[in-house]
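> The structure that follows is given in the form of structure tokens.
As structure tokens, this is what we get:
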């Protein structure tokens, strides 16, 4: 069950400060890295929300993100809609997709749930891969960032856009935390712990699971719109299942079911990727080794393990 | 309150419940007796809606509930405690009771409001914790708690919903005499607004608590009557209580 402990708050603030400082004092390349981290972290929080707290390990979070990005691109570039309205449509599309996946899979769990979400994600991928009007496998460009000049904010400035993205990451974290500590979120944890007993208590578990997936889709959709606005370009690669797998890796690396762990996982993965790939193309080997280490040492992940040691230490102090 | 008419359940060719009829009045304490394999737990599955009957009718509070699933029946005020502990293992005792209390008080689907800080939920948790004598251990992790405590919690989760009808499947199975005594007192203290249907193997407890006793064997109702009538019935003694005269303890 979720609790926003002081340790989690401190870790969250430290992670956000690190990203802000890294972007502020770094080069253009550093800001690109920070935005890559932020987008991955939002997706990872979104996945931790349903996998870590609801036991729903999804392999279609990339698809949720990609659908939001594509609908944003389609509405704003192809149909000439306003950017805010297009973003709204993009988010709605991601929520509807995630809600449908959640509804259909509400009665299955474990490996079958994973396979079903994989199938849904790959279906979405195939649709955009084949859809020539939206560029098909070439992808599609021409997306624009929000125009906030009325508030004196120019999102086309790299650093300002980085802070904007950082703000969205914080927003997603707060939204997740508030939902997870609500009656709804507690029920979700209850379903994760013992779905049958929740039903015996009169809880419609299918409804809670569907809603959780829809909320997760909303957060993944925010990552998608951010990604589209960041590079001004989208491609079906956003939806492919290996991206969803990478997000799951980030969640496990950082600490599943901790909500702040995924941010740590995203920072580590992206930094490792960029520092190791300077020497070798086989950086995945090193990520794999770290992951194996993380799983073998209790499966709590980097933050999860730290939190475990901290709690143990605190109990020792009281005893 | 609860009326079962001509209920049958078969798995393939095997008939577990045969043409069973029962009538339980509001506020009644009804004990179900029967040897292993008599169909007692299956009967609870049929009543709670986790299994569908092959034939027959179930009425609860005057309404036919045969077509309702387990979730809908729970919402009508039916709760159940299990023969094998069926807890939220990864959570604390307080969290277990909180889930049950929030469900009963309609706080389970609320967005953005933490049931932990809800006055009604808190009051319910404290009340039940006191009833099941777990006030001191509320923040213990269920997965590492001793068996006796887990057994108390099993009943506590069901009680926390303040049901109209409580189905208890061998609440004292596997616990020692002191806890049976405590449980005995707890049952006597429960208000008559709760109707109790109990599967129980502890004879002292069963005969003392019960208003009426139904004896099942091979899925059929063999006998039904007051505790005194049950004790005096020769057929019940031979089939359920076995050869031992008096049959005070039959595990």
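Protein chains in written order, with our numbering: chain A, 1 to 319; chain B, 1001 to 1251.
Here a beta-carbon is modelled for each residue, glycine too, at the ideal position from N, C-alpha and C.
Closest Cβ-Cβ distance between residue 122 of chain A and chain B: below 8 Å?
Taking Cβ atoms only, chain B never reaches closer than 8 Å to residue 122 of chain A, which makes this a no.
> Select from the segment 178 to 202 of chain A all residues with a C-beta closer than 8 Å to any C-beta belonging to chain B, and list them in chain order.
So the close ones are 178, 179, 181, 182, 183, 184, 186, 187, 189, 190, 192, 193, 194, 196, 197, 198, 199, 200, 201, 202.
> In the DSSP assignment, what are the bridge partners of residue 296 of chain A?
None, per the DSSP bridge assignment.
> Going by C-alpha distance, which of B:1053, B:1025, B:1036, B:1032 is nearest residue 1019 of chain B?
Nearest C-alpha to residue 1019 of chain B: B:1053.
> Here's the rule: buried if 16 or more other CB atoms are within 10 angstroms of the residue's CB, otherwise exposed. What is residue 311 of chain A?
Label assigned to residue 311 of chain A: exposed.
> Measure the Cβ-Cβ separation of residue 139 of chain A and residue 282 of chain A and say whether it is below 8 Å.
Cβ atoms of residue 139 of chain A and residue 282 of chain A: not closer than 8 Å.
> Between the C-alpha atoms of residue 1065 of chain B and residue 1230 of chain B, what's the straight-line distance to the nearest angstrom?
Rounded to the nearest angstrom, the two C-alpha atoms are 30 Å apart.
> Report the residue from B:1133, B:1237, B:1111, B:1055 whose alpha carbon sits nearest the alpha carbon of residue 1156 of chain B.
Taking only the C-alpha atoms, the option nearest residue 1156 of chain B is B:1133.
> Tell me where the beta strand (DSSP E) around residue 278 of chain A begins and ends.
Run containing residue 278 of chain A: none; DSSP gives neither H nor E here.
> Between the segment 156 to 168 of chain A and the segment 222 to 239 of chain A, are three or more C-beta pairs nearer than 8 Å?
In short, these stretches touch, since the Cβ pair count reaches three.
> Hey, out of A:250, A:211, A:197, A:291, whose CA is closest to residue 1074 of chain B's CA?
It is A:197.
> Please list the terminal residues of the continuous alpha helix (DSSP H) segment that includes residue 1047 of chain B.
It spans 1040 to 1048 - the alpha helix (DSSP H) in which residue 1047 of chain B sits, taken as one unbroken run.
> In angstroms with no decimal places, state the Cα-to-Cα distance between residue 226 of chain A and residue 89 of chain A.
Near 14 Å, if we compare the C-alpha coordinates of residue 89 of chain A and residue 226 of chain A.
> By the criterion of Cβ-Cβ separation under 7 Å, what are the contact partners of residue 1 of chain A in chain B?
Here the neighbours are 1091, 1095.
> What did DSSP end up calling residue 329 of chain A once you bin it into helix, strand or coil?
Chain A is shown from 1 up to 319; residue 329 of chain A falls before or after that span and cannot be answered.
> Can you check which of these residues, B:1206, B:1194, B:1160, is closest to residue 1181 of chain B by C-alpha distance?
Ranking B:1206, B:1194, B:1160 by Cα distance to residue 1181 of chain B puts B:1206 first.
> Should the segment 119 to 128 of chain A be called in touch with the segment 78 to 92 of chain A, which here means at least 3 C-beta pairs below 8 Å?
Flag = no, the segment 119 to 128 of chain A and the segment 78 to 92 of chain A do not touch.
> Select from B:1080, B:1099, B:1061, B:1008 the residue whose C-alpha is nearest the C-alpha of residue 1122 of chain B.
Nearest of B:1080, B:1099, B:1061, B:1008 to residue 1122 of chain B, Cα basis: B:1099.
> Can you find a CB in chain A that lies within less than 8 Å of the CB of residue 1156 of chain B?
For residue 1156 of chain B, the answer is no, since every Cβ of chain A falls outside 8 Å of its Cβ.
> Does residue 204 of chain A get closer than 8 Å to chain B when you measure Cβ to Cβ?
Cβ-Cβ to chain B under 8 Å: yes for residue 204 of chain A.
> Using the Cβ count rule (16 or more neighbours within 10 Å means buried), how would you classify residue 212 of chain A?
Residue 212 of chain A is buried by the Cβ-count criterion.
> What's the C-alpha gap between residue 182 of chain A and residue 209 of chain A?
Residue 182 of chain A and residue 209 of chain A: Cα-Cα distance of roughly 14 Å.
> Leaving aside the five residues before and after residue 1185 of chain B along the sequence, list all residues of the same chain whose C-beta is less than 7 Å from its C-beta, in chain order.
Answer for residue 1185 of chain B: no residue qualifies.
> At which residues does the alpha helix (DSSP H) containing residue 1237 of chain B begin and terminate?
Where residue 1237 of chain B is concerned, the enclosing alpha helix (DSSP H) stretches over 1234 to 1239.
> Is the CB-CB distance between residue 1151 of chain B and residue 1174 of chain B below 8 Å?
Yes. Within cutoff.
> Is there contact between the segment 268 to 280 of chain A and the segment 68 to 82 of chain A, where contact requires at least three CB pairs shorter than 8 Å?
Cβ pair count under 8 Å is below three, so no.
> Identify each residue in the segment 1108 to 1128 of chain B for which the Cβ-Cβ distance to at least one residue of chain A is less than 7 Å, and report them in chain order.
Listed in sequence order: 1108, 1109, 1110, 1111, 1112, 1113, 1114, 1115.
> Which residues in chain A have a C-beta closer than 9 Å to the C-beta of residue 1087 of chain B? List them in chain order.
193, 194, 197, listed in chain order.
> Go ahead and label residue 1011 of chain B buried or exposed: buried means 16 or more other beta carbons lie within 10 angstroms of its beta carbon, across all protein chains shown.
Residue 1011 of chain B is exposed by the Cβ-count criterion.
> If you reduce the DSSP assignment to three classes, tell me which class residue 1114 of chain B lands in.
Correct three-state label for residue 1114 of chain B: coil.
> At what residues does the alpha helix (DSSP H) containing residue 197 of chain A begin and finish?
Here the alpha helix (DSSP H) through residue 197 of chain A covers 183 to 200.
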